[in-house]
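The block underneath contains the structure these notes are about, expressed in structure tokens.
Number of protein chains: 2
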Amino acid sequence: MTIQHTVVFRLAHPAGSAAEADFLEVARQTLTAIPGVSAFTVSRQVSPKSDLAWQFSMEFADQAAYDAYNVHPAHVDFVESRWTSEVAAFQEYDFVVGPA
Amino acid sequence: MTIQHTVVFRLAHPAGSAAEADFLEVARQTLTAIPGVSAFTVSRQVSPKSDLAWQFSMEFADQAAYDAYNVHPAHVDFVESRWTSEVAAFQEYDFVVGPA
């Protein structure tokens, strides 16, 4: 059962800044290198009904792969070294397709 | 430029109820029949970090298709006749892939 893990967020950095670009690129490089992560995307959030500006989305084949990602040292290090200080606000959502 | 329009929401109905199933099914039938709507999905939101339980997602080929959907009578009627009274909380997000 594929799980789509997402986080919608707003950076502390100005839009279009080098710091913004660096955060997005390092996130992509770091997170896509973790085993079990597939279909990684970086999207702009463009609805004016939310003030969050970006979304990361990735897929895991099952809960075990998701759990392994969460505790993987590269993920934990990214959260501690970049996410905590550079993200101003965020909301996580995880999706499983189908009412079933 | 494809726009992914999403809404994450919680129903007023009990989980697993007939009213919940009816809402989801009528939404699917109604919204997928509107011109310009593609890749419609109903997903469960399963992260404990949000109390919203469902997501609708759909794609539009461009802003014009999205605008036409928003004002389409079938959409407006669904919002007025079902959404407003049966949805307890929601958050919209629209995504465009890529930092571009």
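In the order they appear, the protein sequences are chains S and H.
So the first sequence is numbered by the numbering used here: it starts at 1 and just counts up by one.
So the second sequence is numbered by the numbering used here: it starts at 1001 and just counts up by one.
Glycine is no exception: its CB is placed at the ideal position from the N, C-alpha and C atoms.
Predicted, not measured: the structure shown is a model, and the values here were computed from it.
Around the beta carbon of Q1055 (chain H), 16 or more other beta carbons sit within 10 angstroms, so the residue counts as buried. A Cβ-Cβ separation of about 21 angstroms leaves A88 (chain S) out of contact with M58 (chain S) under the 8 angstroms criterion.
H:A1021 is the residue among H:A1021, H:T1006, H:G1098 whose C-alpha sits nearest the C-alpha of H1013 (chain H). With a minimum length of 3 residues, the unbroken runs of beta strand (DSSP E) contained wholly in the segment 39 to 87 of chain S fall at 54 to 60. Restricting attention to H:D1077, H:T1084, H:G1036, the CA atom closest to the CA of D1067 (chain H) is found in H:G1036. Annotation: T32 (chain S) to E80 (chain S) spans about 17 angstroms, alpha carbon to alpha carbon. Within the same chain, Q1004 come within 6 angstroms of F1095 (chain H) by CB-CB distance, once the 5 residues on both sides are set aside. For V26 (chain S), the enclosing alpha helix (DSSP H) begins and ends at 18 to 32. Beta-bridge partners assigned by DSSP to T1006 (chain H): H:S1057, H:Y1093.
Nearest C-alpha to F78 (chain S) among S:G16, S:E25, S:Y93: S:E25. Within the model, the alpha-carbon separation for A27 (chain S) versus H1075 (chain H) is close to 37 angstroms. For V37 (chain S), no chain H residue has a Cβ inside 8 angstroms of its Cβ, as the nearest lies near 16 angstroms away. A65 (chain S) counts as buried, since at least 16 other C-beta atoms from the protein chains shown sit within 10 angstroms of its C-beta. Contact annotation: D1051 (chain H) and R1082 (chain H) have beta-carbon atoms that are not nearer than 8 angstroms. Per the coordinates, the alpha-carbon of V46 (chain S) lies some 19 angstroms from the alpha-carbon of V1071 (chain H).
At a cut-off of 8 angstroms between C-beta atoms, F1078 (chain H) does not count as an interface residue with respect to chain S.
For P48 (chain S) and T6 (chain S), the gap between their C-alpha atoms comes out near 19 angstroms. Close partners of Q1091 (chain H) in chain S (Cβ separation under 7 angstroms): S50.
Of the candidates S:S43, S:E86, S:Y69, S:T2, S:E86 places its Cα closest to the Cα of A19 (chain S). Between T1002 (chain H) and P73 (chain S), the alpha-carbon positions lie close to 35 angstroms from each other. The straight-line gap separating the alpha-carbon atoms of R1044 (chain H) and A1053 (chain H) is approximately 6 angstroms.
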